[in-house]
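Just below is one structure, and these are the notes that go with it.
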Amino acid sequence: MSVRIQSTGVTQTRLPESQPPVAPRAPAARGFNTQDTFQADTTEIGRRARTTQAPQAARPAAPAAGSRAEPLTPETNTALQGRLSAMSPADRTHATEFLRQNVLNTPNADRATRTYLDLTAMQATRPDRLSRDTVETLTRAVAEPRGTGVAGQEGVMGPSQARDAARAVIGMTGRDFNTLQGALQNAGTRNGQPVPGADPQMERALTLKAVGARREELASPGLFDRIRNTFGDTTREMDDVARFAGQIAGSSRAELARTSTVIDPNGGAGALQQRFDDSCVPTAQQIARADADPIYARQLHGEPIHSLNASTAIGREQRTTLEANGGVARPRTGGTGPSLGVTDTAMRDILNSGVAPSNNHRYTTHTVADNPQSRQAALDRSDRLLRDGIDVPVAVLWNGGGGHALMLSDVRGQGANREYLVTDPMQGRTSWLRGSDIAAGNTNFGPGTGRLGFTFE
């Protein structure tokens with residue numbers, strides 16, 4: 039699709055030596071699982087470039103050794119030492135064993151440890167709502183990779199989603215809280231019986247992630263929902279969460295992983311595709327919203343996500359969003375007539391109306407000047423959001439004119455070794471790109487060669 043641009047070496051945590059280190063539990067078997075344009079002259083995101091574009095996406099760059107694992111930073115290590123030293127001996131022993139087995143040897147050790155520190159601080163204020171089990175479920179959800187593929191190292195949720203879930207649990211009504219506890223307790227079962235091959239941890243994680251995506255509504259229900267509570271009913275949002283928990287109960291980890299995102303965690307061409315020539319921005323919105331809300335992600339998986347069929351629910355949603363923001367929809371297969379993308383301002387508004395209610399992050403537009411320093415600064419700003427679990431949409435400008443919206447959903451490594459996980463909605467491909475290549479400009483993004491023009495942070 040298109041966006042019209044207006045012309046204007048890490049220290050490890052020292053744990054008590056009374057017990058030998060314990061290897062992390064092996065996660066249950068996991069399975070998972072680009073071309074639209076961005077016009078620069080009058081300028082619209084999603085418009086096809088006028089030059090010949092690369093027919094295939096670039097092969098992912100080989101990562102530097104160890105660049106995709108994140109051990110503790112010295113700052114996180116120091117904070118963890120302080121928290122452990124303030125605990126009672128019994129609590130310290132339990133925390134130490136939990137971290138050994140579930141966090142410290144995962145690819146997301148730093149993110150998950152920071153999450154654990156944030157959540158235990160919140161737990162101290164409301165232990166009646168935020169139980170140890172809930173804190174540990176959320177921490178593991180950040181720590182454990184959601185897939186075994188090269189693009190699946192990120193957890194089921196990021197630190198921001200874990201905090202949102204905790205805030206919602208603390209703030210929700212008593213009836214909603216009791217319903218949620220029942221759903222969490224029933225994870226891994228059907229009709230009250232355990233299901234062989236189910237993954238209760240991941241079910242609980244996704245249920246809590248869905249709660250976090252509805253944080254505002256659950257923590258501050260409107261008048262109608264308060265009346266429902268008065269008559270013994272849960273809020274409509276908790277009804278949605280409980281229904282979702284029932285739908286996924288007893289599912290395998292592979293199935294839960296597949297249906298809770300629309301990128302391709304295997305690092306291939308299995309991601310969500312745009313159904314119109316210039317619907318890259320609506321598709322980017324769908325990608326980011328699905329990453330924030332597993333109920334919406336599962337809804338999208340009601341049909342093939344890697345498809346060019348413009349007549350399905352996914353296609354209709356893309357068309358509606360595109361046309362409501364000044365674009366013109368032409369199907370990629372058999373389409374005739376004009377095609378037009380949206381402005382960068384409209385892209386920001388699309389993200390804030392479609393994604394912000396789920397990830398609780400309001401996006402702002404950053405124009406990136408055409409020099410390596412500006413591109414590097416944009417990546418540096420994006421790092422903070424990505425490591426916190428917030429997807430960062432970007433728009434690239436092709437060398438021959440035109441442009442395209444893409445989605446950054448993860449960053450790995452430090453300094454010059456950083457790599458960014460990029461999903462291209464044109465080809466429906468997810469792959470790693472070196473940060474140094476993006477900063478340098480004249481970058482092969484898959485559908486074409488160009489430069490980073492906008493970030494939405």
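For the sequence shown, the numbering used here assigns the number 39 to the initial residue and increments by one for each residue that follows. C-beta: ideal position from N, C-alpha, C; glycine also.
Integer-rounded CB distance, given that residue j should sit under 8 Å from residue i
i	j	result
Thr-297	Arg-336	5 Å
His-344	Ala-309	7 Å
Ala-326	Tyr-334	Not quite, the Cβ-Cβ distance comes to about 10 Å (not below 8 Å), so this is no contact.
Arg-313	Arg-370	6 Å
Ser-420	Thr-481	Contact doesn't hold; Cβ gap of about 15 Å is too wide.
Asn-363	Ala-348	17 Å between Cβ atoms; not a contact.
Gly-185	Pro-303	4 Å
Leu-122	Thr-134	7 Å
Gly-488	Val-434	5 Å
Arg-19	Thr-175	The requested residue 19 is not part of the displayed model; the chain covers only 39 to 495.
Residue i versus residue j - alpha carbon distance
i	j	result
Gly-427	Leu-137	20 Å
Thr-405	Ala-147	33 Å
Gly-479	Gln-231	56 Å
Ser-169	Ala-124	19 Å
Ala-203	Thr-374	45 Å
Gly-392	Gly-288	30 Å
Gly-340	Leu-346	15 Å
Ala-394	Met-210	20 Å
Asn-398	Glu-255	11 Å
Ala-179	Met-240	7 Å
Arg-281	Ile-208	21 Å
Gly-284	Asn-437	49 Å
Gly-270	Leu-423	39 Å
Ala-477	Arg-106	19 Å
Gly-473	Thr-461	15 Å
Thr-358	Gly-84	16 Å
Ala-159	Val-300	33 Å
Glu-108	Asn-143	9 Å
Leu-459	Val-432	12 Å
Asp-171	Ser-258	24 Å
Thr-227	Ala-236	8 Å
Ser-396	Gly-440	30 Å
Ser-290	Pro-145	22 Å
Gln-161	Ala-221	20 Å
Val-5	Gly-379	Residue 5 lies beyond the stretch modelled for the chain, which goes from 39 to 495, so this question has no answer here.
Leu-490	Leu-389	18 Å
Ala-206	Met-276	11 Å
Leu-360	Asp-316	8 Å
Thr-151	Asp-278	30 Å
Glu-457	Glu-113	22 Å
Pro-485	Glu-293	30 Å
Ala-307	Arg-266	45 Å
Thr-131	Tyr-154	15 Å
Thr-403	Arg-164	37 Å
Ala-330	Asp-418	22 Å
Asp-74	Asp-382	Confidence in Asp-74 is poor, its pLDDT being 31 and thus under 50, which makes the residue's placement too unreliable to answer from.
Gln-452	Val-233	41 Å
Gly-212	Phe-262	16 Å
Ala-443	Ala-181	29 Å
Gln-139	Gly-250	25 Å
Enclosing beta strand (DSSP E) for residue i [first to last residue]
i	result
Tyr-458	457–462
Gly-212	Run containing Gly-212: none in the beta strand (DSSP E); it sits in the alpha helix (DSSP H), 212–223.
Phe-492	487–494
Ser-469	467–472
Leu-142	Where Leu-142 is concerned, there is no enclosing beta strand (DSSP E), given that its DSSP letter is neither H nor E.
Asp-448	441–450
Ala-433	430–436
His-404	403–405
N- and C-terminal bounds of the alpha helix (DSSP H) containing residue i
i	result
Ser-391	382–392
Pro-197	197–209
Ser-123	112–123
Thr-245	238–250
Ser-420	410–425
Any non-hydrogen atom of the ligand MG within 7 Å of residue i CB
i	result
Glu-254	Looking for the ligand MG in the displayed structure turns up nothing, as the structure carries no ligands at all.
Any chain B beta carbon closer than 8 Å to residue i
i	result
Arg-178	In the structure shown, chain B does not exist; there is a single protein chain.
>> To test your reading of the DSSP string, which unbroken alpha helix (DSSP H) runs of 4 or more residues are found completely within the stretch 252–336?
In response: 253–257, 261–268, 274–286, 291–297, 318–330
> Is the stretch 197–207 touching the stretch 239–257 in the sense that three or more CB pairs, one from each, lie closer than 8 Å?
Replying inline: yes
>> With three or more C-beta pairs closer than 8 Å as the rule, is the stretch 443–460 touching the stretch 184–194?
In response: yes
> Can you find at least 3 beta carbon pairs, one from the stretch 406–415 and one from the stretch 213–229, that sit closer than 8 Å?
Replying inline: no
> Could you give the uninterrupted runs of the alpha helix (DSSP H) lying entirely in the stretch 146–176, keeping only those of 4 residues or more?
Replying inline: 147–163
> Curious, which full-length beta strand (DSSP E) runs of at least 3 residues does the stretch 334–376 contain?
Replying inline: none
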